[in-house]
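Line order of the protein sequences matches chains H and V. The end of the first sequence is residue 189 by the numbering used here, with every number in the run present. The end of the second sequence is residue 1657 by the numbering used here, with every number in the run present. Don't be surprised by glycine CBs; every beta carbon is placed ideally from N, CA and C. Below: the structure, in structure tokens.
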Amino acid sequence: MLIAAILPLGLFLFPLWKITLEAPQYPTSLGMYIHINDFVDANPHDIKNINLMNHYVGMQYIPDAIPEFKIFPAGILITSLLGLLIAWKGNYKWFLGWFILMLVLSAAGMYDFYLWEHDYGHNLDPKAIMKFTNPDGTQMGFQPPLFGTKDILNFKAHSYPQLGALFLGLGIAAGFLAYFIGRKNKSTA
Amino acid sequence: MKKILTSTIALVTVLTAFTSCNNNSGNSGGNSGALSSNVAEKVYVAPGEHDSHYAFISGGYSGNLTVYGLPSGRMFKEIPVFSQFPTSGYGYSEETKPMLNTSHGFIPWGDSHHPDISQTKGEIDGRFIFINENNTPRIAKIDLKTFETTEIIEVPNSAGNHSSSFVTENTEYVVAGTRFSVPIPQRDMPIKDYKGNFQGALSFISVAPETGNMDIKFQVLMPGFNYDLAHPGRGASHGWFFFSTYNTEEASTLLEVNASQNDKDFIAAVNWKKIEEYVNNGGGKMIPADYAHNVYDEHTHTATSTMKKEVRVVNPTDVPGAVYLLPTPKSPHGCDVDPSGEYIVGNGKLSANLTIHSFKKMLVAIENNKFAGDAYGIPILNFEDVLAGVVEQAGLGPLHTEFDGQGNGYTTFFISSEVVKWKLGTWEVIDRQPTFYSVGHLTIPGGNSGKPQGKYMFAMNKITKDRYLPTGPELEHSAQLYDISGEKMELLLDFPTHGEPHYAAAMEAGLIKERSQKIYDLEDNKHAYAAKSDADTKIVRQGNEVHIYMTTIRSHFSPDNIEGIKLGDKVFFHITNLEQDFDVPHGFAVLGQNTSELLIMPGQTKTSIWEPSKVGVWPFYCTDFCSALHQEMQGYIRVSPANASTPLKWSMGEDIE
């Protein structure tokens, strides 16, 4: 359980997610790492260049900071601390509780990410230089995929978890494993 | 006079004979190249793939330096060096005008000759490339991180800066020798008094190890010969420099005859280490001189020109053991040193033979004090004492030699229009291949170094004639690329070159490719008039000078509506490109601009002066197709009469008022 509680702290060292944009005239693709507390260029000036591209279709600039950059680190710190406390004091049933809490919070985080992406891809400047419509006449959105790869006009957008997400996932899995081991030990004892 | 006529007629007859010979061999050579079926593969670089080598080919009377890829023969860039270049605004923009300043004022043109890449421990390191200007003697340094000319130093007391710009084994010096001897210091005197009064300056320009900054350390004032070409010693002969001479007759008129009378001229061997030590101990004397030193700062994106007032000169007879003369037949042109530093090749251009001197034998002769005499106090060695060997009857009109690092020399023959491969030590001819036509220099990658990189050799020809689709009387020159990895040279490719390529420097692409810069960092921009964001844009009037701090980013200028300019104003457009993406330059041109456009790289600031001559509303626009909205990238500037009271206003994205 100790391991489970510590692993998510890897999010402070490694990026959680990465969005990559490929196009023929970008032999070095544009990319952005999403850290738990920051957006970071994959290569120097990438975010500036993504913003420059996106302003043609009226997308907002990727902000320097969002409230989540404060909330998420606090959430991870608190849940890790909680995990440590449980590892030290609690019994195995608490492990399951922590596991479920982490699952719910992660799902909430993903949903929040989806909402932001949706807004980013659909809330477009009405004076956008280029306006595109879907075949059915509705306004075309430029939302990057939540997970996976998607073609958006001349770009191919990839959205995949990074090492930080792996640490979080492993931590959650370890929590569940700790619960099983705890239960098994209990029944054999 | 009768004698002159007879000898001229004789020479013409001989040349005609060789030219007709050459036509026959030319045809057969062309055929054999076409018959080789796998040749195309050897020069084919698939779309998107990169060439394996860079070639930097001098632009001769274009004043510039061109960048090619090998083996494809594709040209990638023309680097402006000594000539104004409207494509980028070099020599037109306020920032780069100082680069072309000289003691004779602003000079818009130059004649570039011999590029040479910087070296470390006898190997080319790809940091800088140096090139000489022949007409108004100057040496330029190009930074191979940015492929921009970053420094130009004028060489005083020199005239026809031809035996230049060759670097020593660790780029301690870039050396510039004078082709024409002149009165030093310059003065009003009869030309007929040339002999004994004119002198030839050999300049040693130190290169600072870290920054590459150039400074004339000393000039050796030699007898009034013509100093034609030069190469540094290397390995055992590191510390020496060798210069070929002609016109040891010291003629000042009809040199084609009068400078061709002596059976032998000289290769001057200069022990620069000895002179350096002499100078470091206070030797030589400072004399008044007038020369410009122009430096481009990559952070301010601005060049400054400083006039220097004196230079240190050294009389070679004041430094015993510093200079010796090696007799060399028939007005030698090229003066080339093999990779080991032992052999010094003198290409007697009026000869059929190549003369090769031995550095070791030269040292022995000096040690034994075996001299044949002296010229103005400089000891002359005996020809036989220093001779290593002769490549007999190799061709006609030998000019230049390069080496493959495998024990072979390759010499160009202008008159018989061919490259001849021969073996060092045995002096036997191994192979010969025709060139098209009348080859001057040739280049092997890594040529002037202890470690040539072999594989390719290319010949740069003076005459093109029928090689390409005709383009009227004026033609580009032609070059031929050969594969030299086998015993026989194989002609691979024929490609046109720009201006008159004299010499070229080439190297494997790796080192340069890795370091090549993509953008200028906007944060590092220290230009006095930079606007680093839209918020920094403004217009400042100082009397009749108006400074516009303007920015560009896809796809607009800021500001793009300007009013309040009056006739008689001098308008400075200071334009900063805010882009930080690779290969997104913006251009700037305004109707009626009396200079060139500006082409501004990401993160860079450039300035163009506009002195409007007519009242009206004049458009300006981006000249580089920067983006999908490039055609929208435009603005207007309103010019009012001199006595108008139109207030100074500027805006972007809204109407004025």
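Bridge-paired residues (DSSP) for residue i
i: residue 1478/V; result: 1496/V
i: residue 1552/V; result: 1557/V, 1577/V
i: residue 1658/V; result: Residue 1658/V lies beyond the range of chain V shown here (1001 to 1657); nothing can be said about it.
i: residue 68/H; result: DSSP output for residue 68/H lists no bridge partner at all.
i: residue 1351/V; result: Per DSSP, none; premise fails for residue 1351/V.
i: residue 1132/V; result: 1139/V
i: residue 1371/V; result: 1381/V
i: residue 150/H; result: 157/H
i: residue 1206/V; result: 1173/V, 1215/V
i: residue 1079/V; result: 1065/V
i: residue 88/H; result: Partner(s): none; residue 88/H has no beta bridge.
Option nearest residue i by Cα separation, candidates the options
i: residue 150/H; options: 27/H, 14/H, 23/H; result: 23/H
i: residue 5/H; options: 183/H, 178/H, 184/H, 186/H; result: 178/H
i: residue 96/H; options: 10/H, 171/H, 11/H; result: 171/H
i: residue 1368/V; options: 1088/V, 1382/V, 1209/V; result: 1382/V
i: residue 1143/V; options: 1211/V, 1189/V, 1193/V, 1225/V; result: 1211/V
i: residue 1421/V; options: 1409/V, 1174/V, 1084/V; result: 1409/V
i: residue 78/H; options: 105/H, 133/H, 159/H; result: 105/H
i: residue 1301/V; options: 1495/V, 1583/V, 1521/V, 1624/V; result: 1521/V
i: residue 1266/V; options: 1286/V, 1219/V, 1312/V, 1331/V; result: 1331/V
i: residue 1153/V; options: 1295/V, 1388/V, 1340/V, 1080/V; result: 1295/V
i: residue 147/H; options: 71/H, 114/H, 88/H, 90/H; result: 114/H
i: residue 1326/V; options: 1375/V, 1603/V, 1494/V, 1617/V; result: 1375/V
i: residue 1437/V; options: 1401/V, 1476/V, 1429/V; result: 1476/V
i: residue 35/H; options: 165/H, 1/H, 89/H; result: 165/H
i: residue 1403/V; options: 1429/V, 1363/V, 1430/V, 1457/V; result: 1457/V
i: residue 1094/V; options: 1526/V, 1606/V, 1292/V; result: 1606/V
i: residue 1492/V; options: 1219/V, 1063/V, 1071/V; result: 1071/V
Proximity test, Cβ basis, 7 Å: residue i and chain V
i: residue 52/H; result: yes
i: residue 131/H; result: no
i: residue 127/H; result: no
i: residue 49/H; result: yes
i: residue 122/H; result: no
i: residue 158/H; result: no
i: residue 45/H; result: yes
Same chain, Cβ closer than 8 Å to residue i, neighbours up to 5 away in sequence not counted
i: residue 85/H; result: none
i: residue 1425/V; result: 1389, 1407
i: residue 1197/V; result: 1183, 1189, 1224
Chain-order list of residues whose beta-carbon lies under 7 Å from that of residue i (same chain, five-residue window excluded)
i: residue 1028/V; result: At residue 1028/V, the pLDDT of 40 sits below 50, so the modelled position is not reliable and the matter cannot be decided from this model.
i: residue 1509/V; result: 1050, 1051, 1052, 1053, 1054
i: residue 1262/V; result: 1248, 1249
i: residue 1405/V; result: 1339, 1451, 1452, 1454
i: residue 1092/V; result: 1084, 1086, 1595, 1596
Cβ of residue i within 7 Å of any chain H Cβ
i: residue 1634/V; result: no
i: residue 1554/V; result: yes
i: residue 1026/V; result: In this prediction, residue 1026/V has a pLDDT of 39, which is less than 50 and means its spatial position is unreliable; nothing more can be read from the coordinates.
i: residue 1015/V; result: Summary for residue 1015/V: the model assigns pLDDT 47, below 50, so the residue's position carries little reliability, and this model does not support an answer.
i: residue 1580/V; result: yes
i: residue 1030/V; result: Any reading at residue 1030/V needs caution, since the residue's pLDDT is 44, under 50, leaving its predicted position unreliable; the model's value is listed next. It does not; no Cβ of chain H falls within 7 Å.
i: residue 1023/V; result: In this prediction, residue 1023/V has a pLDDT of 41, which is less than 50 and means its spatial position is unreliable; nothing more can be read from the coordinates.
Other residues of its chain near residue i: CB distance less than 6 Å, five sequence neighbours each side excluded
i: residue 1432/V; result: 1418, 1420
i: residue 1587/V; result: 1597, 1599, 1622, 1623, 1624
i: residue 1290/V; result: 1103
i: residue 1342/V; result: 1359
i: residue 1171/V; result: 1118, 1119, 1207
i: residue 123/H; result: none
i: residue 1113/V; result: 1058, 1132, 1134, 1502
Residue i: CB within 6 Å of a non-hydrogen atom of the ligand PLP
i: residue 1544/V; result: Of ligands this structure carries none, so the ligand PLP is not represented either.
> Could you give the uninterrupted runs of the beta strand (DSSP E) lying entirely in the stretch 1166 to 1191 of chain V, keeping only those of 3 residues or more?
Replying inline: Fully enclosed beta strand (DSSP E) runs of 3 or longer: 1173 to 1178.
> Taking only runs of the beta strand (DSSP E) that begin and end inside the stretch 1294 to 1335 of chain V, which ones reach a length of at least 3 residues, in chain order?
Replying inline: With a minimum length of 3 residues, the continuous beta strand (DSSP E) runs that stay inside the stretch 1294 to 1335 of chain V are 1302 to 1314, 1323 to 1329.
> Taking only runs of the alpha helix (DSSP H) that begin and end inside the stretch 1219 to 1274 of chain V, which ones reach a length of at least 4 residues, in chain order?
Replying inline: DSSP runs (the alpha helix (DSSP H)) wholly in the stretch 1219 to 1274 of chain V: 1255 to 1258.
>> Quick check on the DSSP output: what are the complete alpha helix (DSSP H) runs of length 4 or more inside the stretch 1501 to 1556 of chain V, in order along the chain?
In response: You should have 1510 to 1515.
> Which ranges does the beta strand (DSSP E) cover as unbroken runs of at least 3 residues, wholly within the stretch 1446 to 1490 of chain V, from first to last along the chain?
Replying inline: With a minimum length of 3 residues, the continuous beta strand (DSSP E) runs that stay inside the stretch 1446 to 1490 of chain V are 1456 to 1461, 1477 to 1483.
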